[in-house]
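Below: the structure, in structure tokens.
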Amino acid sequence: MTEPNSSAHQADPANRARLRWRSRRGLLENDIILTRFLDAHETELTDEEVDAFTRLLDLSDNALMDLVLARKEPEGEVDLPHVRALLQRLRLA
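Residue numbers (this note's numbering): 669 to 761.
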């Protein structure tokens, strides 16, 4: 039987730890939302979802909070289908 989540991200504990470390934010609200999301979904994230999560982590805290709270929609480099899909999951978390 094959492992359904045997992606590059899932196979490397260092990558998983790095993603979790980057999700720690200056804004407590972002920190709580992102770490709770990872607690619930980290082991099932695909490489595409990890890419989307990483793109969101590259944003400033305020820009990220605006997206998570649906005050704004993705623009520019983060306006991609897989980023929008992950953002919808974050909003529901």
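A virtual CB, placed ideally from N, CA and C, is assigned to each residue, including glycine.
> Less than 8 Å separating the beta-carbons of Ala-761 and Phe-721?
Replying inline: no
> Can you tell me where the alpha helix (DSSP H) with Glu-717 in it begins and where it stops?
Replying inline: 715-725
>> Helix, strand or coil, according to DSSP, for Leu-706 in the structure here?
In response: helix
> With distances taken between CB atoms, is the gap from Asp-729 to Asn-683 smaller than 8 Å?
Replying inline: no
> Between the beta-carbon of Glu-712 and the beta-carbon of His-750, is there less than 8 Å?
Replying inline: no
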